[in-house]
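Protein chains in written order, with this note's numbering: chain A, 1 to 100; chain B, 1 to 155.
These notes are about the structure you will find just below.
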């Protein structure tokens, strides 16, 4: 997937295939709620102790950027997904109010 | 401030704090039992229900589906109080995969298997970063008394 990038620190990460699958699912979930022109990028890094996941979404109506760190990349991914979906939900409510 | 207002304020504090604590204490404890040997389920149900009468228990036999439950619980801010998982499960994933990936999504994680304690420690140390400490381990065959004692020591 072009919009997911792993730092070289993930070269020896044995669970990378499963992580890629879960990242793909998270991207799908976020983009399905985001504005249709949204471009999303996800970057994963490991500093030797903690994993970080960064997500950026850019669209005309909404921009978001979140980063989370955890000892498991799967948990960091859940955290950025949760934060992203909450922001999109707020945007969605405010958009509906403007339309009304 | 008038005396009646003072009394009202005091009463408000006195009623709010204990109520909040009461709700916390009344909140059910949520358990996820991941065990592919379904003959073990009644034993776990009996252990959990007698130790924690307000226990809510969910059951899974495979790692992938357990992952989905853990993710959902985490996303909806309703994390499990405890995950109890066998090491070898139905499907390709193991209980150790589940713990490595989503162990932090539950308050406590308990492994169950027929390995000896020493074998389990060696296995998990070779497969995962155990800097955060090893999870609780219960060796099969399970005794209800030992399980209750072990669970009560962490929850």
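Every residue gets a Cβ at the ideal spot worked out from N, C-alpha and C, and that includes glycine.
By the Cβ neighbour-count rule, residue 78 of chain B is exposed, with fewer than 16 other Cβ atoms within 10 Å of its own. For the options A:9, A:74 and A:90, the alpha carbon positioned closest to that of residue 99 of chain B is the one of A:74.
Residue 15 of chain A reaches chain B at 97, 100 and 101, counting residues in chain order whose Cβ is nearer than 8 Å. Between residue 105 of chain B and residue 70 of chain B, the gap from beta carbon to beta carbon is short of 8 Å. Proximity to residue 80 of chain B across B:91, B:89, B:68 and B:61 peaks at B:68, based on C-alpha coordinates.
By the criterion of at least three beta-carbon pairs nearer than 8 Å, the region 60–72 of chain A is not in contact with the region 90–97 of chain B. With distances taken between CA atoms, residue 54 of chain A lies nearest to A:84 out of A:96, A:84 and A:98. With the rule of 3 Cβ pairs closer than 8 Å, the region 30–39 of chain B counts as touching the region 51–61 of chain B.
Against chain B, a Cβ distance below 8 Å from residue 82 of chain A picks out 74 and 75.
Scanning B:93, B:146 and B:75 for the CA closest to the CA of residue 66 of chain B turns up B:93. Spanning the alpha carbons of residue 153 of chain B and residue 88 of chain B requires a straight line of approximately 25 Å. Within the region 43–69 of chain B, the runs of beta strand (DSSP E) at least 3 residues long that lie entirely inside it are, in chain order, 56–60. Per DSSP, the unbroken alpha helix (DSSP H) holding residue 126 of chain B starts and ends at 117–127. Under the three-state reduction of DSSP, residue 10 of chain A is assigned to helix.
Straight-line measurement puts the Cα of residue 26 of chain B at about 38 Å from the Cα of residue 95 of chain A. Of all residues in the region 58–80 of chain A, only 70, 71, 72, 74, 75 and 78 place a beta-carbon less than 8 Å from a beta-carbon of chain B. Among the CB atoms of chain A, none fall inside 8 Å of the CB of residue 144 of chain B.
Cβ neighbours of residue 7 of chain A within its own chain (closer than 8 Å, five residues either side excluded): 43, 44, 45 and 46.
The Cβ-Cβ distance between residue 112 of chain B and residue 142 of chain B falls below 8 Å. Among the residues of chain A, none has a CB under 8 Å from the CB of residue 62 of chain B; the nearest is roughly 14 Å distant. Taking a C-beta distance under 8 Å as the contact criterion, residue 144 of chain B and residue 46 of chain B qualify as a contact pair.
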